[in-house]
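Trainee:
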Amino acid sequence: MVIGDQHFKTSIVLTELMQKRVYIETYGCQMNEHDSERMLRLLEGSNYLETKEPKEADLILINTCSVREKPEHKVYSALGRYKWVKEKKGTLIGVAGCVAQQEGIKLLDRIPYLDMVIGTHAIPMIPQLLQKIEVSGERVCETSFEEDGTYLKAILPQMPLGKVKSYVTIMQGCNHFCTFCIVPYVRGREKSRPSSEVLEEIKRLAEMGVKEVCLLGQNVNGYGKGLEGELNFAELLRRMNEINGVERIRFTTSHPKDLSEELMRAFSTLDKLCEHIHLPFQSGSNRILKIMNRGYTKESYLEKVGRLKEIRPSIAITADVIVGFPGEEDEDFEQTLDLMEKIQFDDLFSFKYSPRRGTRAAQFLNQVEEKVRQERLSILQGIQKEVTLKKNQVLEGRVEEILVEGRSKQSAKDVTGRTRSNKILNFEGEIDLVGELVSVRVIKGYAHSLRGEILKS
Ligand code: SAM
Ligand code: SF4
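In numbering that gives the first Met the number 0, the protein residues as written are 0 to 456.
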């Protein structure tokens, strides 16, 4: 018995000694965050454990974004930062995501201490790529586009326990080719996952205690196109609404052009679908929308938002907007401000136009001066800050349903969660509330969050 125990302990120690560490640094959107999680799950199956300390890592992966110039530049500074870990410890270093896809082999040429380049369709191949490096000592680059969609398959050998929310990728890529955007070039054409696989993954997540699922795709309302006999997006939501254990459903991002009446109506018919939509508009000027190739007008956007508010009056609307797109004049910018004034967005993600090599707009000759782009961004953000604050203050006194997610970063006495309308709310509470849906009265609305007090039942 004692001998058996000793043997058991020794094998645990040996396993721990053999276990390798991976550090993943993530830039960009929710899809990248989720891709990093998928990489981690996959690597756990190859004897890697996550570390939050790059200096402890046997493998460092940088998951990159190339949607704008700034996140792209961060990749190179991150690589510079980790050069010493490579020199000191022989740590393997890899670049994944959109910059990897775009730059490919050039990254290996440019960064001599880089070991692997993992394109956006190559995530499931990471274990084989690592094996190849270990066996042959060669540096590897995998950026081919898979057409069969296997790259989208769920990677779920084991999910961390205690997770309250999860992303589920339902499609990847984009067919829209907005003239400013690099996504169709680095993520490929729209590809949906079969609904049976998506629903199975959601059921498994619910069994593991996940209460809120956010469906991900560059253009979720194009879901199902190209898959014969497949559900459309609204139908997928309906089926998801029936899964026991899932309490909240969200999705991002939807394109205004493809936002159907059926999908809008889901906000009134599906009780689990949270009343929040992220609906990027990019510009309020019809002239600019046309050159951007967005496929809708300011009027049709306003009409859709009006219809959403009619269907679900409490719906929160957030969006993305770009200022300083090539050729944008003062009058065009005024139209953007006018759209904001009319809609009163709950929040906005606002960006200065950033020319992306390979996109059509990067070649336009009428680029807007950096100074003007910056000025417009500051004006727009100043206006939105006040609107967001006002919208949060309006909630004071109201009772909101909160899904408690964890300890608040600001105070050890507080827990944090989100309203159904996706606003962050902090309140004093015990950690055992995590995973619970509780009623909280809003006592104060701030610019970026709400403060509340839990209602005793
Ligand atoms: N598919 C979503 C849509 O069309 O509504 C957007 C996805 S995109 C990855 C996220 C946001 O990045 C866009 O909505 C846009 O506002 C911003 N973006 C994309 N390309 C950009 C560029 N070249 N310069 C500035 N912002 C950009
Ligand atoms: Fe980019 Fe336009 Fe596709 Fe959105 S719809 S990912 S902005 S090309």
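Backbone N, C-alpha and C fix where the C-beta goes; we use that ideal spot for every residue, glycine too.
Check the C-beta distance from residue 421 over to residue 254 and give it rounded, since I have them as a contact under 8 Å.
Mentor: 19 Å between Cβ atoms; not a contact.
Trainee: Taking the C-alpha atoms as reference points, what is the distance between residue 207 and residue 162?
Mentor: 8 Å
Trainee: Mind pulling the beta strand (DSSP E) runs of 3 or more residues that sit fully within the stretch 217-252?
Mentor: 247-251
Trainee: In chain order, what residues of the same chain lie with their CB nearer than 6 Å to the CB of residue 443, ignoring the 5 residues before and after it?
Mentor: Result list for residue 443: 450, in chain order.
Trainee: For residue 75, decide whether its Cβ has a neighbour in chain B, counting only Cβ atoms nearer than 8 Å.
Mentor: The displayed structure is made up of one protein chain only, and chain B is not part of it.
Trainee: How far does the alpha helix (DSSP H) with residue 63 in it extend, from its first residue to its last?
Mentor: No alpha helix (DSSP H) contains residue 63, which is instead part of the beta strand (DSSP E) from 58-63.
Trainee: Just reading off the beta strand (DSSP E) that residue 257 is part of, what are its end residues?
Mentor: Premise fails: residue 257 is in no beta strand (DSSP E) and is neither H nor E.
Trainee: So, helix, strand or coil for residue 402, using DSSP?
Mentor: strand
Trainee: Straight-line CA distance for residue 52 to residue 235?
Mentor: Annotation: residue 52 to residue 235 spans about 40 Å, alpha carbon to alpha carbon.
Trainee: Along the chain, where does the alpha helix (DSSP H) containing residue 36 start, and where does it finish?
Mentor: 29-43
Trainee: Say whether the stretch 327-334 touches the stretch 278-289, bearing in mind that this needs 3 or more beta-carbon pairs closer than 8 Å, one atom from each stretch.
Mentor: yes
Trainee: Among 93, 122, 219, which one has its Cα closest to the Cα of residue 170?
Mentor: 219
Trainee: Given 7 Å as the limit, tell me if residue 218 has its C-beta closer than that to any heavy atom belonging to ligand 1.
Mentor: For ligand 1, at least one heavy atom lies less than 7 Å from the Cβ of residue 218.
Trainee: List, from N- to C-terminal side, the beta strand (DSSP E) runs of 3 residues or more that fit wholly inside the stretch 300-325.
Mentor: 315-322
Trainee: Within 10 Å of its beta-carbon, does residue 18 have 16 or more other beta-carbons around it, so buried, or fewer, so exposed?
Mentor: Counting Cβ neighbours within 10 Å, residue 18 comes out exposed, since fewer than 16 surround it.
Trainee: Between which two residues does the beta strand (DSSP E) harbouring residue 124 extend?
Mentor: Note, residue 124: premise wrong, no beta strand (DSSP E); not H, not E.
Trainee: Assess contact between the stretch 375-390 and the stretch 94-102, defined as three or more Cβ pairs (one per stretch) separated by less than 8 Å. Is contact present?
Mentor: no
Trainee: If you reduce the DSSP assignment to three classes, tell me which class residue 25 lands in.
Mentor: strand
Trainee: Pick helix, strand or coil for residue 426, following the three-state DSSP scheme.
Mentor: strand
Trainee: Three-state secondary structure (DSSP) at residue 142?
Mentor: coil
Trainee: Find the nearest neighbour of residue 431 within the set 403, 319, 408, judged by alpha-carbon distance.
Mentor: 403
Trainee: So the candidates are 181, 91, 252; which of them puts its Cα closest to the Cα of residue 213?
Mentor: When the alpha-carbon of residue 213 is set against those of 181, 91, 252, the nearest one is in 252.
Trainee: Taking DSSP as the reference, what is the three-state secondary structure of residue 95?
Mentor: Residue state, collapsed to three classes: strand.
Trainee: CB residue 228 to CB residue 191, shorter than 8 Å?
Mentor: no
Trainee: DSSP three-state label for residue 331, please.
Mentor: helix
Trainee: If you follow the alpha helix (DSSP H) that residue 277 is part of, which residue opens it and which one closes it?
Mentor: Segment 275-277 is the beta strand (DSSP E) holding residue 277; no alpha helix (DSSP H) there.
Trainee: Between which two residues does the alpha helix (DSSP H) holding residue 88 run?
Mentor: Unbroken alpha helix (DSSP H) run through residue 88: 82-88.
Trainee: Can you tell me the Cβ-Cβ gap for residue 114 and residue 93, rounded? I've got them flagged as a contact below 8 Å.
Mentor: The distance from the Cβ of residue 114 to that of residue 93 is about 6 Å, consistent with a contact at the 8 Å cut-off.
Trainee: From what residue to what residue does the beta strand (DSSP E) around residue 201 run?
Mentor: No beta strand (DSSP E) holds residue 201; the alpha helix (DSSP H) holding it covers 194-206.
Trainee: Quickly, what does DSSP pair residue 165 with across the bridge? List them, please.
Mentor: According to DSSP, residue pairing for residue 165 in a beta bridge involves 212.
Trainee: Using only CA atoms, which one of 182, 178, 241 lies nearest to residue 199?
Mentor: 241
Trainee: So what does DSSP say about residue 366, is it helix, strand or coil?
Mentor: Here residue 366 sits in coil by DSSP.
Trainee: Does the count of Cβ pairs from the stretch 19-30 and the stretch 308-318 closer than 8 Å reach three?
Mentor: no
Trainee: Going by beta carbon distance, what residues of the same chain come within less than 6 Å of residue 363, once the five residues before and after it are set aside?
Mentor: 325
Trainee: Measuring alpha carbon to alpha carbon, tell me which of 143, 261, 441 ends up nearest residue 121.
Mentor: Ranking the options by Cα distance to residue 121, first place goes to 143.
Trainee: Can you tell me the Cα-Cα spacing of residue 204 and residue 424, whole angstroms?
Mentor: 24 Å
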